[in-house]
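Asks: What follows is a single structure, and I will ask about it in a moment.
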Amino acid sequence: MPRSVHVLFAASLGALTLLASAPLAQAQSSDMTVQQFLTIGHDIPRNRAVAMMRPDTRRLIRVVTGAVSTVKAEQASAVSAGRTPAHCIPASGTGITPEALVARFETMPESHRRITVTQAVRDWMAERYPCRA
Numbered sequence: 001m002p003r004s005v006h007v008l009f010a011a012s013l014g015a016l017t018l019l020a021s022a023p024l025a026q027a028q029s030s031d032m033t034v035q036q037f038l039t040i041g042h043d044i045p046r047n048r049a050v051a052m053m054r055p056d057t058r059r060l061i062r063v064v065t066g067a068v069s070t071v072k073a074e075q076a077s078a079v080s081a082g083r084t085p086a087h088c089i090p091a092s093g094t095g096i097t098p099e100a101l102v103a104r105f106e107t108m109p110e111s112h113r114r115i116t117v118t119q120a121v122r123d124w125m126a127e128r129y130p131c132r133a
């Protein structure tokens with residue numbers, strides 16, 4: 001087989017493997033606990049430019065982005081079903097900053113850090129953006 005075919009096959013196989021593992025990675029990240037999040041984030045540099053080069057930083061960003069997307073989708077689903085959602089996040093967004101998120105997670109009692117990042121974001125949004133009756 002010509003070398004270009006080997007390279008093409010290897011690239012295609014790599015892409016296929018990546019695509020096949022994406023749902024698994026997404027499922028795993030949605031199950032990440034607050035404690036796991038803090039443990040992974042502990043060694044990430046505070047310099048944003050340097051931090052963005054680290055895979056762990058990007059992973060944590062994906063986890064939080066996924067959690068916020070899930071919570072917003074739950075709100076939209078409740079509204080479209082005619083139910084009062086657990087939270088009313090404004091269209092302008094959550095207003096979560098990385099610093100505020102980490103501070104929130106770090107102030108959680110150790111026993112409460114076993115909840116998922118998604119549940120922690122859900123609880124925070126219900127507290128921060130309650131729906132008006």
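Start counting the sequence shown at 1; every next residue gets the next number (full-length UniProt numbering). C-beta atoms are modelled at their ideal positions from N, C-alpha and C, and glycine is treated no differently. Bear in mind that the values here come from a model prediction, so they are computed numbers and not experimental data.
Quick check: R122 and A67, are their CB atoms within less than 9 Å of each other?
Replies: yes
Asks: Out of V64, A91 and A51, which one is the CA nearest neighbour of A76?
Replies: A91
Asks: For Q28, which residues of its own chain have a beta-carbon under 8 Å away from its beta-carbon, when the five flanking residues on both sides are left out?
Replies: With a pLDDT of only 47 at Q28, under the threshold of 50, the placement of this residue in the model should not be trusted; the figure read from the coordinates follows. Excluding sequence neighbours, Q28 sits near nothing in its chain.
Asks: When DSSP builds the beta bridges, which residues end up paired with T70?
Replies: Paired residue(s): none; T70 is not in a bridge.
Asks: Three-state secondary structure (DSSP) at T118?
Replies: DSSP places T118 in helix when its eight states are reduced to three.
Asks: Give me, in chain order, the residues of the same chain whose beta-carbon lies closer than 6 Å to that of C88; leave out the 5 immediate sequence neighbours on both sides.
Replies: If you ignore the 5 residues before and after C88, its C-beta comes within less than 6 Å of the C-beta of Y129 and C131, all in its own chain and listed in chain order.
Asks: Check the DSSP bridge columns for T33 and list the partner residues they point to.
Replies: In DSSP, T33 forms a bridge with T116.
Asks: Quick one, which of V50, S69, N47 and L38 has its alpha-carbon nearest L60's?
Replies: L38
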